[in-house]
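J.: Residue numbers (UniProt numbering): 1 to 326.
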């Protein structure tokens with residue numbers, strides 16, 4: 001006879017963690033990352049305060065016409081982003097809400113690391129437009145792939161026009177051997193669930209790219225929007241450098257921006273804050289610009305593309321959420 005204290009029953013499992021707890025944990029993590037980035041930015045600003053102060057003074061006396069052109073180009077980047085996003089899906093998207101979502105995404109992108117803010121806003125927008133979650137994520141991957149390809153193509157086109165400006169990194173035989181060994185090891189991985197999911201995701205992206213290129217209008221929107229987005233960001237920096245009379249040709253400035261932004265994309269900081277600033281200032285300084293002028297150019301670029309649109313973008317984001325467009 002068994003004791004009543006040892007009755008058999010289903011195994012005792014711990015209750016699932018509430019969603020509010022998970023959301024609070026993610027919020028704490030995001031706040032911690034943002035706080036660390038802000039501390040790093042404050043440290044760099046304190047260390048290079050004389051150059052920043054001189055650059056801000058130089059920017060205050062800059063040519064207003066060129067700054068207005070830069071502001072116009074900055075506004076155009078949201079329309080270009082909306083065009084590229086429309087080109088990444090076959091279904092027609094509502095244009096006003098699409099442009100508003102890109103404006104809100106640009107603001108959210110500066111609050112979360114590695115572009116997670118913009119990705120989350122666009123993903124939610126596409127799902128609200130009726131696309132499944134997998135198809136929406138694939139559309140974001142198609143847009144990002146087109147943007148990276150356009151950026152690399154522009155660098156390849158501009159580099160011969162500015163000889164000696166960009167120097168490829170020196171790769172030792174050991175580095176090449178390690179990279180080749182890594183590729184061979186990656187290709188020889190067994191069919192693990194993780195690897196199978198990656199292959200399915202890549203297959204879905206390639207299938208979407210083929211479907212989009214079967215529709216010429218969508219292909220033109222995707223590649224044209226991606227090209228316009230990169231070109232308009234180059235134009236913003238060129239306008240700022242012309243406004244402060246920076247002694248660098250526009251083509252060199254565009255090439256330096258493309259190279260610096262591509263390098264900064266490898267660092268997971270919110271909107272490239274800190275990483276893009278440092279890379280861009282270093283690129284301008286190495287190319288012959290005075291330190292104060294380089295700091296002024298970076299400040300002007302950030303002012304037009306980040307700080308002035310940030311609060312309106314967050315307000316548009318809140319409005320879209322309230323109207324359940326996101």
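Just so it is clear, CB atoms sit at the ideal spot from N, CA and C, and this is done for glycine as well. Here the structure is a predicted model, which is why all the values come from computation and not from measurement.
Within 10 angstroms of the Cβ of residue 307, are there 16 or more other Cβ atoms? Answer buried if so, exposed if not.
T.: So residue 307 ends up on the exposed side.
J.: Going by the CB atoms, is the gap between residue 157 and residue 139 shorter than 7 Å?
T.: For residue 139 and residue 157, no; Cβs fall outside 7 Å.
J.: Let me know the beta strand (DSSP E) ranges lying completely inside the segment 99-169, each 3 residues or longer, listed in chain order.
T.: As far as the segment 99-169 is concerned, it has no whole beta strand (DSSP E) run of at least 3 residues.
J.: Determine the contact status of residue 317 and residue 107, defining contact as a CB-CB distance below 7 Å.
T.: Cβ distance < 7 Å, so residue 317 and residue 107 count as in contact.
J.: State whether the segment 236-244 contacts the segment 286-304, with contact taken as three or more CB pairs (one from each stretch) at a distance under 8 Å.
T.: Touching, yes, given that three or more Cβ pairs across the two stretches are closer than 8 Å.
J.: Just to confirm, are residue 214 and residue 143 a CB contact at a threshold of 7 Å?
T.: No, they are not a contact pair.
J.: Return the CA-CA distance between residue 151 and residue 227, expressed in angstroms with no decimal places.
T.: Answer to the nearest angstrom: the Cα atoms are 8 Å apart.
J.: Can you look up residue 278 in the DSSP assignment and give me helix, strand or coil?
T.: The answer is helix: DSSP assigns residue 278 an H, G or I state.
J.: Comparing alpha-carbon positions, which option in 252, 221, 123 lies nearest residue 165?
T.: Residue 252 is the option with its Cα nearest to residue 165.
J.: Compare the beta carbon distance of residue 135 and residue 326 with 7 Å and say whether it is the shorter of the two.
T.: Cβ atoms of residue 135 and residue 326: not closer than 7 Å.
J.: For residue 276, which of 286, 265, 285, 118 has the nearest alpha-carbon?
T.: For residue 276, the nearest C-alpha among the options comes from 265.
J.: Identify the continuous alpha helix (DSSP H) that holds residue 77 and give its terminal residues.
T.: Here the alpha helix (DSSP H) through residue 77 covers 64-87.
J.: Is residue 236 buried or exposed, if buried means 16 or more other CB atoms sit within 10 Å of its CB?
T.: By the 10 Å Cβ count, residue 236 comes out buried.
J.: My guess is that residue 256 and residue 222 are in contact by the Cβ rule of under 8 Å, so how many angstroms apart are they, rounded?
T.: About 26 Å separates the two Cβ atoms, so there is no contact after all.
J.: Quick one, are the C-beta atoms of residue 117 and residue 232 less than 7 Å apart?
T.: Taking 7 Å as the Cβ cut-off, residue 117 and residue 232 do not qualify as a contacting pair.
J.: How long is the line joining the alpha carbons of residue 23 and residue 120, rounded to whole angstroms?
T.: Here the model assigns residue 23 a pLDDT of 47, short of 50, so the residue's position is not dependable, and the following value carries that caveat. Cα-Cα distance, rounded: 14 Å.
J.: By the three-class DSSP mapping on this structure, what secondary structure does residue 291 have?
T.: Reduced to three states, the DSSP call for residue 291 is helix.
J.: Just checking my contact of residue 258 with residue 155 at CB under 8 Å: how many whole Å lie between their CB atoms?
T.: Right, their Cβ atoms sit about 5 Å apart.
J.: Taking the alpha helix (DSSP H) that residue 317 belongs to, which residues open and close that run?
T.: Its alpha helix (DSSP H) spans residues 308-322.
J.: Assuming residue 248 contacts residue 287 under a Cβ cut-off of 8 Å, what Cβ separation, rounded to an integer in Å, is found between them?
T.: With a Cβ gap of about 6 Å, residue 248 and residue 287 count as contacting.
J.: If you draw a straight line from the C-alpha of residue 313 to the C-alpha of residue 246, how long is it?
T.: Their backbone Cα atoms lie some 30 Å apart in a straight line.
J.: With DSSP as the reference, label residue 91 as helix, strand or coil.
T.: Coil.
J.: Helix, strand or coil for residue 326? Go by DSSP, reduced to three states.
T.: Correct three-state label for residue 326: coil.
J.: Can you have a look at residue 203 and say buried or exposed, based on whether 16 or more other CB atoms are within 10 angstroms of its CB?
T.: So residue 203 counts as exposed.
J.: As a quick exercise: from 303, 282, 122, 309, pick the residue whose alpha carbon is nearest that of residue 141.
T.: The option with the nearest alpha carbon to residue 141 is 122.
J.: Need the endpoints of the alpha helix (DSSP H) that residue 241 sits in, please.
T.: Note, residue 241: alpha helix (DSSP H), 216-243.
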